[in-house]
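Listed in order, the protein sequences are those of chains A and B.
126 is the number that the numbering used here gives the last residue of the first sequence; the numbers go up by one with no jumps.
912 is the number that the numbering used here gives the last residue of the second sequence; the numbers go up by one with no jumps.
Glycine is no exception: its CB is placed at the ideal position from the N, C-alpha and C atoms.
Below you'll find the structure, written out as structure tokens, and then a few comments.
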Amino acid sequence: MTSVILTTTARLLHPVLLITSIFLLLRGHNEPGGGFSGGLVAASAFALHAMAHDARQARRALRIDPHVLIGVGLLTALSAGVMSLAAGAPLLTGLWTSVHMPGLGEWAIGTPLLFDVGVYLVVVGITLLIILCLSEAE
Amino acid sequence: MATWLLSTFVLAALAPWLHRLLRAATPWVLATYAAAMAVHLATWAPQVADGATPRVAWTWAAALGIEFSLRLDGWGLLMAIVISGVGATILLYGGGYLAGDRRLGSFYMFLLLFMGSMLGVALADNLLLMFVFWELTSLSSYLLIGFDHERPAARAAALQALLVTGLGGLALLAAVVLMGVAGGSYEFSSLLSRGDAIRGHASYPAIIVLVLLGAFTKSAQFPFHFWLPNAMQAPTPVSAYLHSATMVKAGVFLLARLTPILGGTAAWQVPLMLAGGATMLLGAVMALGSDTLKRILAYSTVSVLGTLTMLIGVGTPAALHAAVVMLLAHALYKGALFMIAGAVSHATHEYEPERLGGLARIMPWTATSAGLAALSMCGLPPAFGFIAKEAFYESTLGASGWSTWLTSAAVLGNVLLFAVALRVGVMPFTARATQATTDAHEVSLTLWLGPALLAAIGILIGLSPAVCDARLVVPAGAAIGAGETPPRLALWHGVGPALYLSGLTVAVGCAAFAMRRAARLAGIALRKPAAWGPESWYHGCVAGMNAVATWQTRVLQNGYLRVYLWTTLVTAVGLVGYALLRGADLTDLPLSWDLHAGETVVCALILLATAAAVRARARLAAIALLGAVGYGVALIFVFFGAPDLAMTQFLIETLLVILFVLVFYHLPPFVIYSELAARTRDAIVATAFGGMMALLVMAIGGGHDGPRVSDYFAERSLGDAHGRNVVNVILVDFRAIDTLGEITVLAAAAAGVYALLRLRGGRARLPRIAVEPRTTIGSAKRERAETAGT
């Protein structure tokens, strides 16, 4: 059952939701947001896609297998922690550096952001693993 | 030495690729590596003999004062040379033995993993580090015994070895901790001078029991000996390396290493002498009564391990010195004999010595090495085994107590081993040719070179023991408490009691060999009582453990979600409620009713939605109402300034709706099966849990003085972690390791969900959820009524 209204809305909403999720992820350190909620939003974008079309279409849109997302996410989060080990600090100590971005001023960038990206990927992967699997079972 | 240790582990990781790259040249390359290690270690010998103990250490867990420390003393050096030297021959032999096997790459990996772990045991100065390596040897032994994992027998033997040595490992860990507490250090080198403090400590008896448990299981001492013969399910190179030359020596190695720290008391010596002596005799008798080459050799290994334990128990300088000599001699001849047994079986496809014969002409190289190794095992001159046996006799004759008993046991054990040596090392080559041996052939160079080298070294050391005496054996003895004994190894000791005993051993041994048929029958007769022996205890324990696990799973994991929920909630209410009643002041709860309009409306909505959800008669309505409750809670989060929580809650509620929509069609019809009594019970539990949570929140919120962790986080968040959103900073920085754990658990849970959804029936199909109205109160009654009605 493909509804024209749903597919149209989904097509319009899909990029918006994805951009929102990235936005939430990036601003999470200073404003409400973060990897967890960002990941949930991104997952809902693909869940919407799956409902508007079907799970196979959603998988194609996702391009990456959710399993891979989970694994890469865990490794990313872990590597953010290991970086501080390499720097001689205890595991998962935040390392920070300042980057000057034209037009935006000084920006602090650190391993916690990388860690949050890992959380984001894991959340997207897990949510979609379950949702896509369930919707394929129909 | 750290370089060799680490590079062995690296090489283990690379071994499969190396094998793919080099193919048939791999064993030669790996053997050269191990041989280079042995030679390089040997160049340290003069330095160590002069009393130097090079030590390297890195910080490991600084807060606990634990270092990653390695130390090379005489005893560790001897063991490390044996590990790498015998390892070189085994790597070569293993490449030939398993040539063409597609798993050869992983075989090299496991073998090198073991070599690295065993080197770690020999070289570690830190007790905990030693323990880690010790467990790694058990693990690699498990992988290697179960190498032919298609065979159930190999799997069972691997598991048995892992469980028995793992049990000992746990005991050893406790012993290590107790020793560390009693001695104030986890370094062997520091503990050496604190032996008196440990021996006088209240936990000294416990330490002894635990150490003995660890060492006896590892070194297959009675009553834990049974796993070793079963471990012969492993490929022969593994049996030769792990289960005769090195790993099973780890227990003995540790006992000797701890002798200067724990030894010198009756509590230490008596159990060692008794268990060692019993193991020595039992192993020798069982060896005579066994049928296959490898089992015979395995039991004779058990016997020698018993001898070593006994010698450490005797504890005199001469006995410790003899143990060192015996360990070295045994590694040389038994490693060789195992490899020869494998080569013979490889060539003839026959495993029982009685069915072999006449191989001397067909397999000249193998036969020569077998003869030399058997010479050493028999303890005949000019082999190194003769010197070892003489040292053994001299030390039992010179023991301060029980000398007669020890010497008699020693002679008896050696007589039996003499017969065993003739049976496995000589008879297959010299007896009349049999059907199995007529179309045999000499094995390839890789299969005979290793044992030939080991056997030849055994003879060379025998001919000129001085090459290793002062540089290797004496420092090794000194490191385990034998003191500075003068070099004394010599082939000719002059006529004395030891020589008479040797002659007696040879004479009676020959007689025993002549009567081997009778001896075998006696050995077979012994199997009947052995059926009630320690191995049956093991099976009993495993069966009992399984029964308890089954029972416990049936009770705790009965498959009914409502029972899980019920158990969890009731337990939580009970425990938290108890803590609240005991510890919290419940008279001064911060109750206030000044809600503003928005809060009042949301609270009313939540309550209404809850009441309606409980009474809902359709699933969709119940889901929608639960969603309303969730959104209401999220609104409360918004009111109280927790936008992060609110946002997450909104998202979760939304995704939950999606999930419900997806599974909606698969769910069974929504029927209320439970009766009023069951629903009342559930209502009570739910109310109790809700009330408990409310009380808990109020008790935590009120009456709390002193600094709060949230203030600390709020204060440090921007300065230390460059973030204004404290919640997120806690998640990804302050408490990042918690988050890491959580996402790992989430991933594991997702894998479980995926497996449940996907793998059932082998294809994408959602399992039908069965209707199970059984456990609710009254359902049984109704069921009975229904059956009666139909």
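N- and C-terminal bounds of the beta strand (DSSP E) containing residue i
i, result
"E189 of chain B", "188 to 193"
"R177 of chain B", "177 to 183"
"H88 of chain A", "84 to 89"
Closest Cα partner of residue i within the set the options
i, options, result
"L427 of chain B", "B:T414, B:P439, B:D833, B:L394", "B:L394"
"L519 of chain B", "B:N680, B:R477, B:A444", "B:A444"
"R225 of chain B", "B:E272, B:I852, B:G306, B:E189", "B:E272"
"S832 of chain B", "B:A810, B:L449, B:A147, B:F856", "B:F856"
"R642 of chain B", "B:L143, B:S311, B:V407", "B:V407"
"G599 of chain B", "B:I581, B:M448, B:G584, B:V692", "B:M448"
"A629 of chain B", "B:A555, B:G501, B:L235, B:L784", "B:G501"
"P712 of chain B", "B:L430, B:L817, B:I212", "B:L817"
"G493 of chain B", "B:G535, B:A521, B:L544", "B:L544"
"V692 of chain B", "B:I758, B:A644, B:M815", "B:M815"
"N18 of chain A", "B:T429, B:I852, B:A873", "B:I852"
"L284 of chain B", "B:A296, B:Y308, B:W256, B:F310", "B:W256"
"P587 of chain B", "B:A665, B:L571, B:A731, B:R610", "B:R610"
"F540 of chain B", "B:L410, B:I859, B:V760, B:T490", "B:L410"
"V760 of chain B", "A:T(-5), A:I7, A:S9, A:P20", "A:P20"
"K340 of chain B", "B:W659, B:M820, B:L294, B:D318", "B:L294"
Neighbour list for residue i in chain E, Cβ cutoff strictly below 8 Å
i, result
"E19 of chain A", "In the structure shown, chain E does not exist; the protein chains are A and B."
Nearest-angstrom Cα separation, counted from residue j out to residue i
i, j, result
"R727 of chain B", "F103 of chain A", "Reading the sequence as shown, one finds Leu at residue 727 of chain B and not Arg. Each residue's Cα considered, the two are about 38 Å apart."
"T994 of chain B", "Y834 of chain B", "With chain B represented from 123 up to 912, any question about residue 994 of chain B goes unanswered, as that position is not in the structure."
"G22 of chain A", "N850 of chain B", "6 Å"
"S624 of chain B", "K511 of chain B", "8 Å"
"H2 of chain A", "L12 of chain A", "15 Å"
"A569 of chain B", "T99 of chain A", "Here residue 569 of chain B is Leu; the residue named in the question, Ala, does not match the sequence. Straight-line Cα distance between these residues: approximately 54 Å."
"G196 of chain B", "T175 of chain B", "8 Å"
"L50 of chain A", "T(-10) of chain A", "20 Å"
"A965 of chain B", "F811 of chain B", "The requested residue 965 of chain B does not occur in the structure, where chain B is confined to residues 123 to 912."
"A671 of chain B", "G507 of chain B", "49 Å"
"R477 of chain B", "T560 of chain B", "11 Å"
"W139 of chain B", "G227 of chain B", "7 Å"
"A38 of chain A", "L122 of chain A", "11 Å"
"F131 of chain B", "Q169 of chain B", "26 Å"
"G113 of chain A", "G16 of chain A", "19 Å"
"M354 of chain B", "L879 of chain B", "42 Å"
"C590 of chain B", "S491 of chain B", "21 Å"
Under 8 Å from the C-beta of residue i: neighbouring residues of chain A
i, result
"L781 of chain B", "I118, I119, L122"
Chain B contact residues for residue i, given Cβ-Cβ distances below 7 Å
i, result
"I58 of chain A", "A869, A872"
"I114 of chain A", "L868, A869, A872"
"D104 of chain A", "V854"
"G76 of chain A", "Going along chain B, no residue has its Cβ under 7 Å from G76 of chain A, so there is no contact; the nearest lies around 10 Å."
"V4 of chain A", "None at all; the shortest Cβ gap to chain B is about 15 Å."
"A46 of chain A", "Here the premise fails: no neighbours, minimum Cβ distance about 12 Å."
Beta-carbon neighbours of residue i, restricted to chain B and to distances below 9 Å
i, result
"S9 of chain A", "Correct list: empty, because the minimum Cβ distance to chain B is about 10 Å."
"G91 of chain A", "Those do not exist, as G91 of chain A stays about 20 Å from chain B at its closest Cβ, beyond 9 Å."
"L1 of chain A", "Correct list: empty, because the minimum Cβ distance to chain B is about 13 Å."
Endpoints, alpha helix (DSSP H) assigned at residue i
i, result
"I794 of chain B", "It is not in any alpha helix (DSSP H) - I794 of chain B carries neither H nor E in the DSSP assignment."
"W715 of chain B", "Counting along the chain, W715 of chain B falls outside any alpha helix (DSSP H), and DSSP gives it neither H nor E."
"D766 of chain B", "765 to 785"
"P138 of chain B", "124 to 144"
"I7 of chain A", "-8 to 15"
"T455 of chain B", "The amino acid at residue 455 of chain B is misidentified as Thr; the sequence shows Tyr. Its alpha helix (DSSP H) spans residues 439 to 470."
"R846 of chain B", "No alpha helix (DSSP H) holds R846 of chain B; DSSP gives it neither H nor E."
"Y700 of chain B", "683 to 705"
Chain-ordered chain B contacts of residue i [CB-CB under 8 Å]
i, result
"S25 of chain A", "D766, M769, T770, L773"
"L79 of chain A", "I859"
"A29 of chain A", "Here residue 29 of chain A turns out to be Val, not Ala, going by the sequence shown. Per Cβ cutoff of 8 Å: L773."
Residue i: contacting residues in chain A (beta-carbon distance under 7 Å)
i, result
"R880 of chain B", "C121"
"T776 of chain B", "S32"
"V875 of chain B", "I118"
"V736 of chain B", "The contacting residues do not exist; V736 of chain B stays about 27 Å from chain A at best."
Chain-ordered neighbours of residue i on chain A, where CB pairs are closer than 9 Å
i, result
"A843 of chain B", "H17, G82, W84, G98, P100"
Near the ligand MG: residue i beta-carbon under 7 Å from a heavy atom
i, result
"G27 of chain A", "With respect to the ligand MG, the structure shown offers nothing to examine, as it has no ligands at all."
4 or more residues per run - each alpha helix (DSSP H) lying fully within the region 241 to 307 of chain B: Here the runs fully enclosed are 249 to 267, 274 to 305.
Whole runs of the alpha helix (DSSP H) within the region 382 to 430 of chain B, excluding any shorter than 4 residues: Runs found: 388 to 411.
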